[in-house]
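Visitor: In our numbering, the protein residues as written are 45 to 678. Note that the Cβ used here is the ideal one computed from N, Cα and C, for glycine as well. Fair warning: this is a prediction, and the values are worked out from it, not measured in the lab. Below are the structure tokens for one structure; questions will follow.
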Amino acid sequence: MRWRLRMFGWIFIGLIWSAGVERFAVAQRPQRGMTFMDVLELRTVGDPALSPNGRWLLYTVTTLNWKEGKRFRDLFLVPTTGGPSRQMTFTANKEEYSPAWSRDGTFFAFLSDREGNPQLYFMRPDGGEARRVTDHKDGIERFAFSRDGRWLAFTAGKEGERQLWLLPARFDAETPIPLTKHETGILRWEWSPDSQRIYFTSPDFVDKLDRERREKKFDVRIVDQPKPPVHLWAVDVETKAVKRWTSGSDYSVASFVISKDHRFLAFRGASTFRYATGEEAEVYRLDLTTGAVERLTRNAVSEGAMSFSPDGAWLAFTAPDDFTYMRNLRIYLAPTRGGSARELETTFDGDVSIGFWGKDGKTIYFTEGVGVNTHLFAISVETGRVTQLTQETGVLSATFDEDTGLLLLTFTDPKNPPDFYITTLDKVGQRSQWTRLTRANPQIEEIALGEYETVRWKSTDGQMVEGILVKPVNYEPGRRYPLIVQLHGGPAAAYMNSFSGTYGTYVHVFAANGYVVFQPNYRGSSNYGERFKMQIAGDYFRQGYEDIMTGVDELIARGIADPEKLGMMGWSAGGHFSNWTLVQTDRFKAISTGAGAVNWISMYAQTDVQVPREFYFKGRPYENWDHYVAVSPI
Numbered sequence: 045m046r047w048r049l050r051m052f053g054w055i056f057i058g059l060i061w062s063a064g065v066e067r068f069a070v071a072q073r074p075q076r077g078m079t080f081m082d083v084l085e086l087r088t089v090g091d092p093a094l095s096p097n098g099r100w101l102l103y104t105v106t107t108l109n110w111k112e113g114k115r116f117r118d119l120f121l122v123p124t125t126g127g128p129s130r131q132m133t134f135t136a137n138k139e140e141y142s143p144a145w146s147r148d149g150t151f152f153a154f155l156s157d158r159e160g161n162p163q164l165y166f167m168r169p170d171g172g173e174a175r176r177v178t179d180h181k182d183g184i185e186r187f188a189f190s191r192d193g194r195w196l197a198f199t200a201g202k203e204g205e206r207q208l209w210l211l212p213a214r215f216d217a218e219t220p221i222p223l224t225k226h227e228t229g230i231l232r233w234e235w236s237p238d239s240q241r242i243y244f245t246s247p248d249f250v251d252k253l254d255r256e257r258r259e260k261k262f263d264v265r266i267v268d269q270p271k272p273p274v275h276l277w278a279v280d281v282e283t284k285a286v287k288r289w290t291s292g293s294d295y296s297v298a299s300f301v302i303s304k305d306h307r308f309l310a311f312r313g314a315s316t317f318r319y320a321t322g323e324e325a326e327v328y329r330l331d332l333t334t335g336a337v338e339r340l341t342r343n344a345v346s347e348g349a350m351s352f353s354p355d356g357a358w359l360a361f362t363a364p365d366d367f368t369y370m371r372n373l374r375i376y377l378a379p380t381r382g383g384s385a386r387e388l389e390t391t392f393d394g395d396v397s398i399g400f401w402g403k404d405g406k407t408i409y410f411t412e413g414v415g416v417n418t419h420l421f422a423i424s425v426e427t428g429r430v431t432q433l434t435q436e437t438g439v440l441s442a443t444f445d446e447d448t449g450l451l452l453l454t455f456t457d458p459k460n461p462p463d464f465y466i467t468t469l470d471k472v473g474q475r476s477q478w479t480r481l482t483r484a485n486p487q488i489e490e491i492a493l494g495e496y497e498t499v500r501w502k503s504t505d506g507q508m509v510e511g512i513l514v515k516p517v518n519y520e521p522g523r524r525y526p527l528i529v530q531l532h533g534g535p536a537a538a539y540m541n542s543f544s545g546t547y548g549t550y551v552h553v554f555a556a557n558g559y560v561v562f563q564p565n566y567r568g569s570s571n572y573g574e575r576f577k578m579q580i581a582g583d584y585f586r587q588g589y590e591d592i593m594t595g596v597d598e599l600i601a602r603g604i605a606d607p608e609k610l611g612m613m614g615w616s617a618g619g620h621f622s623n624w625t626l627v628q629t630d631r632f633k634a635i636s637t638g639a640g641a642v643n644w645i646s647m648y649a650q651t652d653v654q655v656p657r658e659f660y661f662k663g664r665p666y667e668n669w670d671h672y673v674a675v676s677p678i
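Written as structure tokens, this is what we have:
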């Protein structure tokens, strides 16, 4: 067979078949079409921080500075009752980020690189100049106020050498106080609920060659080089006395949480074996009165988020169902005062994660994708019954503020980039009860956007498959258009009803130039149940490829896509499928592939995430050689 395909970079160089299409795209358009420049100039909101009284929200807006050729962040303040935002910082090409309120709400702190390396600044919400309160040569990494409002702690120093410092939580605070002089530096750290200690993790040793490479900015990792175990420590804020809480070479403390009554601490003990990094971890419970450590799990998967119930009676953590790799996430509950963990059984066919607990400790809230939308759910700790709380077309995330009872949402849909909204748990199901706080991209109203449509079709094995179709601006039913098939990565991911405006997904630019964009959620995607997600294992390309091709056939049969003008693009797993398509058919005139594998055997040898490959290809290359060869596009 003679191949007529051509490979381009991630962005199509020139728009394929643009002559004629462009004439249609600009004719009688009430608004101008989106351009690549518009995509780059989209502003993003982030770093939300509610004031202690719930009346104000601090947040950042990231903007592109064309002259400097980089993005920068500034701070904004908006009332939670709605109304215009007030810009608090004006640094043009610097970073202002990580705002946090003092406990009394009279001022806030933030990090900024306006005068070199990131330093800590204080500012009052009524305006005025920000006040710099640190002057560390190597900059500040992170800070946090103590719960009692007396102190602000921060870490400063070079990577691998960072130490903890204290500063009185007063606007007029002057001189930071060194709190630790730990030999191997501070990694993760958290205040204790009573504000008397700071718990932190630190490696048992630092390899001299690693330190030398880091100092020379030689960013390289040695394959199979032993990693030092990372363990848990605590420092007393008043006496500066340091206590070690864990030890040994069996695990590294990857993350930890502390119960509100400060009686227990839970941590994830991750494997120190490089091959299992990020793939294997166990949950441990530490009694802070006796120092006793109890291992709660023993399996070959990595447990995820951990959270104590409000009354401290339960520890919740997530792991795949039945502790089996790639199955749906489930919540497991362990009594803090002793006893084994039990799975919170549910019939919900999706991932159940831990967003936040209800105040009564009887409910856990989480967000999860269902098809092409994301919703907020609640699961009963007693029965495992899952209740869907939102019904919106779009994608949302939710953060609950325990002090004020407010629920902060980040929401986006096909017509609106992400913005902040605020509501309460009892009203979240009513869109009319959301108060919109930000509108970071008002210029979108001047731009004609493509129309999103959720499409479904039957694949070769009878399975119904879903995806998103984005129609061109001024779409005319009955007219055939050039089609671009865009493939998501993962493959355990999905295209959603969110605004498309990043360097990798710019469908509205294509829509402005007369293209139809098709985003299939092929076999192996998330949001369609466990079986759909896992069907790809051991048969990576065959059924997923059929899902994609039957979707294209459906759009041709519906008179939407021009069969002579087909293109494809994808990144990561989307790049894998793009490469596979390249050697299976010549129906596509152009294929753009990014970060896609062509030889799975060499890919396995190079990658630092080998365990997922073994799941998808049913073993290691030397155990299943013929299969690895058969599914390698090369």
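Note down the Cα distance separating R115 from G405, rounded to an integer number of angstroms.
Guide: Taking the first residue of the sequence shown as position 1, residue 115 is located at position 71. Taking the first residue of the sequence shown as position 1, residue 405 is located at position 361. Using only the alpha carbons, I get a separation of about 42 Å.
Visitor: Among the residues of its own chain, which have a CB less than 7 Å from the CB of V327, if the five just before and after it don't count?
Guide: Against the sequence shown, residue 327 aligns to sequence position 283. Taken in chain order, the residues that qualify are A310, R312, L340, T341, E347, M350 and F361.
Visitor: Starting from G405 and walking both ways along the beta strand (DSSP E), at which residues does that stretch end?
Guide: Counting from one through the sequence shown, the residue named residue 405 turns up at place 361. Careful: G405 lies outside any beta strand (DSSP E) and carries neither H nor E.
Visitor: Short of 7 Å in beta carbon distance, which residues of its chain neighbour R50, apart from the five on each side in sequence? Order them along the chain.
Guide: On the sequence shown, position 6 is the one that residue 50 refers to. Residue placement at R50 is flagged as unreliable, the pLDDT there being 33, under the threshold of 50; a coordinate-derived value is accordingly withheld.
Visitor: Determine the direct distance from the alpha carbon of G595 to that of F585, and round the result to whole angstroms.
Guide: The residue given as residue 585 occupies position 541 in the sequence shown. The residue given as residue 595 occupies position 551 in the sequence shown. Distance between the alpha carbons of F585 and G595 is about 15 Å.
Visitor: If we count the other Cβ atoms within 10 Å of its Cβ and call it buried at 16 or more, is V517 buried or exposed?
Guide: In the sequence shown, counting from the first residue as 1, residue 517 sits at position 473. Its Cβ being crowded by 16 or more others within 10 Å, V517 is buried.
Visitor: Once you ignore the five residues that flank N137 on each side, which residues in its own chain have a CB closer than 6 Å to its CB?
Guide: Within the sequence shown, the letter at position 93 stands for residue 137. For N137, where only same-chain residues beyond five positions count, the Cβ hits under 6 Å are N109, E112 and F116.
Visitor: Determine, using beta carbons only, whether A641 and N623 come nearer to each other than 9 Å.
Guide: Numbered from its first residue, the sequence shown carries residue 641 at position 597. Numbered from its first residue, the sequence shown carries residue 623 at position 579. Against a cut-off of 9 Å, the Cβ pair of N623 and A641 comes out as a contact.
Visitor: What did DSSP end up calling L340 once you bin it into helix, strand or coil?
Guide: Looking up residue 340 in the sequence shown gives position 296. Of the three classes helix, strand and coil, the one that applies to L340 here is coil, per DSSP.
Visitor: Below 8 Å, how does it come out for the segment 495 to 504 and the segment 474 to 483: are there three or more Cβ pairs, yes or no?
Guide: The segment 495 to 504 is not in contact with the segment 474 to 483.
Visitor: If you draw a straight line from the alpha carbon of D118 to that of M508, how long is it in whole angstroms?
Guide: Counting from 1 along the sequence shown, the entry for residue 118 is found at position 74. Counting from 1 along the sequence shown, the entry for residue 508 is found at position 464. Distance between the alpha carbons of D118 and M508 is about 46 Å.
Visitor: Please state the DSSP three-state secondary structure of Y539.
Guide: As a first step, residue 539 is located in the sequence shown; it is residue number 495 there, counting from the start. In this structure, Y539 counts as coil in the three-state DSSP scheme.
Visitor: Residue range of the beta strand (DSSP E) that E590 falls in?
Guide: Counted from its first residue, the sequence shown places residue 590 at position 546. Element bounds for E590: not the beta strand (DSSP E) but the alpha helix (DSSP H), R586 to A601.
Visitor: Compare the C-alpha of R76 against each of V301, F659 and Q487 and name the closest.
Guide: Here residue 76 corresponds to residue number 32 of the sequence shown, with the count starting at 1. Per the Cα distances, Q487.
Visitor: Report the option in T651, V675, V653 and A649 whose CA atom is closest to the CA atom of F23.
Guide: The first residue shown for the chain is 45 and the last is 678, placing residue 23 beyond what the model contains.
Visitor: Just how far apart, CA to CA, sit H419 and D280?
Guide: Looking up residue 419 in the sequence shown gives position 375. Looking up residue 280 in the sequence shown gives position 236. Whole-angstrom Cα-Cα distance: 42 Å.
Visitor: Go ahead and label Q587 buried or exposed: buried means 16 or more other beta carbons lie within 10 angstroms of its beta carbon, across all protein chains shown.
Guide: Numbered from its first residue, the sequence shown carries residue 587 at position 543. Answer is buried; the Cβ neighbour count reaches 16.
Visitor: Report the partner residues of M508 according to the DSSP bridge assignment.
Guide: Residue mapping note: residue 508 aligns to position 464 of the sequence shown, counting from 1. Bridge partners of M508: K502.
Visitor: Is Y295 helix, strand or coil by DSSP?
Guide: Working through the sequence shown from its first residue, we reach residue 295 at position 251. Coil at Y295, not helix or strand.
Visitor: Hey, how far is the Cα of E140 from the Cα of T107?
Guide: Here residue 140 refers to the residue found at position 96 when the sequence shown is read from its first residue. Here residue 107 refers to the residue found at position 63 when the sequence shown is read from its first residue. If I take the Cα positions, the gap works out to 12 Å.
Visitor: Taking the alpha-carbon of L359 as reference, which of F317, R307, R87 and T316 has the nearest alpha-carbon?
Guide: Locating residue 359 in the sequence shown gives position 315, where the first residue counts as 1. When each option's Cα is compared against that of L359, the closest is R307.
Visitor: Can you confirm whether the segment 455 to 464 touches the segment 84 to 92 when touching is taken to mean that 3 or more C-beta pairs between the two stretches lie within less than 8 Å?
Guide: yes
Visitor: Can you list, in chain order, the stretches of the beta strand (DSSP E) that have 3 or more residues and sit fully within the segment 233 to 257?
Guide: 233 to 235 and 241 to 247
Visitor: Using CA atoms only, rank isn't needed, just tell me which of E658, W501, Q530 and F554 is closest to A601.
Guide: Looking up residue 601 in the sequence shown gives position 557. That would be W501, whose Cα lies nearest to the Cα of A601.
Visitor: In chain order, what residues of the same chain lie with their CB nearer than 6 Å to the CB of R158, ignoring the 5 residues before and after it?
Guide: To locate residue 158, count along the sequence shown from 1; it is residue 114. Contacts found: T135 and K138.
Visitor: Relative to the C-alpha of F215, which residue among K202, D182, T178 and W209 is closest?
Guide: Position 171 of the sequence shown holds residue 215. Per the Cα distances, T178.
Visitor: Which residue wins for smallest C-alpha separation from R191, given the options R175, P212 and G183?
Guide: The count along the sequence shown starts at 1 and reaches residue 191 at position 147. In terms of Cα proximity to R191, the closest of R175, P212 and G183 is P212.
Visitor: Who does L420 pair with in a DSSP beta bridge?
Guide: Working through the sequence shown from its first residue, we reach residue 420 at position 376. Per DSSP, T411.
Visitor: Quick one: measure Cβ to Cβ for W615 and G534, integer angstroms, because I've assumed they're closer than 8 Å.
Guide: As a working mapping, residue 615 is identified with position 571 in the sequence shown. As a working mapping, residue 534 is identified with position 490 in the sequence shown. Incorrect: roughly 10 Å between the Cβ atoms, too far for contact.
Visitor: For R257, which residues from the same chain have a beta carbon less than 7 Å from its beta carbon, with the 5 sequence-adjacent residues on both sides left out?
Guide: In the sequence shown, residue 257 corresponds to position 213, counting from 1. Same-chain partners within the cutoff: V264.
Visitor: So, using beta-carbon positions, are E436 and D457 closer together than 9 Å?
Guide: Counting from one through the sequence shown, the residue named residue 436 turns up at place 392. Counting from one through the sequence shown, the residue named residue 457 turns up at place 413. Yes, these two residues count as a Cβ contact at 9 Å.
Visitor: Does G603 pass the burial test, meaning 16 or more other C-beta atoms within 10 Å, or should it be called exposed?
Guide: Within the sequence shown, the letter at position 559 stands for residue 603. The residue is exposed, with fewer than 16 neighbouring Cβ atoms inside 10 Å.
Visitor: Confirm, please, whether the CB-CB distance from L102 to F80 is below 9 Å.
Guide: For the purposes of this step, residue 80 is taken as the residue at position 36 of the sequence shown. For the purposes of this step, residue 102 is taken as the residue at position 58 of the sequence shown. No, the pair does not count as a contact, with Cβ atoms beyond the cut-off.
Visitor: Please look up how many angstroms separate the CB atoms of F244 and R232, rounded, as I've assumed it's under 8 Å.
Guide: Residue mapping note: residue 244 aligns to position 200 of the sequence shown, counting from 1. Residue mapping note: residue 232 aligns to position 188 of the sequence shown, counting from 1. Confirmed, Cβ separation roughly 7 Å.
Visitor: Under the DSSP definition of a beta bridge, which residues are partnered with N109?
Guide: Working through the sequence shown from its first residue, we reach residue 109 at position 65. Paired residue(s): K114.
Visitor: Looking at the unbroken beta strand (DSSP E) that takes in K287, where does it start and where does it end?
Guide: For the purposes of this step, residue 287 is taken as residue 243 along the sequence shown, with counting starting at 1. V286 to R288 is the span of the beta strand (DSSP E), which, as asked, contains K287.
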